[in-house]
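Notes follow once the structure below has been shown.
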Amino acid sequence: NGHHASSRGALIVLEGLDRSGKTLQSSRLLSYLEGERIPVELWRFPDRSTCVGQMISSYLSNKSELDDQTIHLLFSANRWEKRSLMETKLRSGTTLIVDRYSYSGVAFSSAKGLNIEWCKAPEMGLLAPDLVVYLDIPPEKAAARGGYGGERYEQLEFQRKVAQYYQILHDATWKSVDACLPIEDIEKRLRELAMDCVTTCHKGKPLSQLWL
Ligand code: Z5A
43 NGHHASSRGA
53 LIVLEGLDRS
63 GKTLQSSRLL
73 SYLEGERIPV
83 ELWRFPDRST
93 CVGQMISSYL
103 SNKSELDDQT
113 IHLLFSANRW
123 EKRSLMETKL
133 RSGTTLIVDR
143 YSYSGVAFSS
153 AKGLNIEWCK
163 APEMGLLAPD
173 LVVYLDIPPE
183 KAAARGGYGG
193 ERYEQLEFQR
203 KVAQYYQILH
213 DATWKSVDAC
223 LPIEDIEKRL
233 RELAMDCVTT
243 CHKGKPLSQL
253 WL
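Below is the structure:
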């Protein structure tokens, strides 16, 4: 299908507050890239299917208590346990769309009051995304979308703090997209950003590591 054995896939991450539209947009992007015959998979963190993921899931649904440091390290471990598979997939040419990643890890834990550098440390050495799309939505508007369930963190005041930490993490791989635009407009912008990124990676952009 015109893609070379040596060309790698792209690591594309979607970030944003709860209700910003990550789930909706990542599945639409998946369908689009599949239609373009690009080998692609959709991943999400937390990955609730692993043992670590089940501990996280139980914590998020208030079925268990863990202190802030412990849950932070579990979220990180949940990415580490997928790291080698992630690298294998990318090197074999599969593009990965990832719904939340280390930026969520750092923004949410920092918003609870943990030191940001402490929060970044266990993420160091994970694969760095080639593109981070930040679905930018004012916390009030996200809350107004409804569907804020009973999960921990789904509170306006807390989401405001998370938004502030996301801004601090903003780097050169980030592209902000206004998450209040019509769904189709966001979808179109995402397609353009993703296709550019996939092309750059196919041309041989090296894989790199996060925050080292
Ligand atoms: N967390 C953490 O602390 N540390 C970590 O390392 C990681 C995560 C990875 C669970 O995440 C929690 O874990 C999360 C962060 C923390 N807590 N919070 N908050 P999760 O990914 O499992 O759950 P989530 O972030 O809460 O996902 P979500 O609720 O599914 O939100 P979403 O995916 O961004 O939104 P959506 O479902 O695609 O859309 C929300 C609604 O808005 C829906 O009805 C859409 O139809 C509607 N929508 C979407 N786009 C639009 C537009 N453009 N206009 C109007 N309406 C729209």
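Each residue of the sequence shown is one higher than the one before, counting from 43 in the UniProt record's numbering.
Backbone N, C-alpha and C fix where the C-beta goes; we use that ideal spot for every residue, glycine too.
Classification of residue i by the beta-carbon crowding that lies within 10 angstroms, buried from 16 upward
{"i": "CYS161", "result": "buried"}
{"i": "LEU75", "result": "buried"}
{"i": "PRO181", "result": "buried"}
Nearest-angstrom Cα separation, counted from residue j out to residue i
{"i": "TYR207", "j": "LEU156", "result": "11 Å"}
{"i": "GLU57", "j": "ARG187", "result": "17 Å"}
{"i": "LEU249", "j": "LEU84", "result": "19 Å"}
{"i": "ILE54", "j": "PRO81", "result": "13 Å"}
{"i": "GLY167", "j": "GLU159", "result": "14 Å"}
{"i": "GLN96", "j": "THR137", "result": "26 Å"}
{"i": "ARG125", "j": "ARG86", "result": "13 Å"}
{"i": "GLY44", "j": "GLU78", "result": "With a pLDDT of only 49 at GLY44, under 50, the local geometry of the prediction cannot be trusted, and no value is derived from it."}
{"i": "LYS230", "j": "ARG202", "result": "27 Å"}
Closer than 7 Å: residue i CB and nearest ligand 1 heavy atom
{"i": "THR65", "result": "yes"}
{"i": "ASP60", "result": "yes"}
{"i": "PRO224", "result": "yes"}
{"i": "ALA221", "result": "yes"}
{"i": "PRO88", "result": "yes"}
Nearest candidate by alpha-carbon position, reference residue i, set the options
{"i": "GLU226", "options": "ARG121, LEU249, THR92, LEU66", "result": "LEU66"}
{"i": "ARG142", "options": "GLN209, PRO88, LEU232, SER48", "result": "PRO88"}
{"i": "ASP109", "options": "SER151, THR241, LEU71", "result": "SER151"}
{"i": "residue 41", "options": "SER49, ASP60, GLY51, ARG50", "result": "The requested residue 41 is not part of the displayed model; the chain covers only 43 to 254."}
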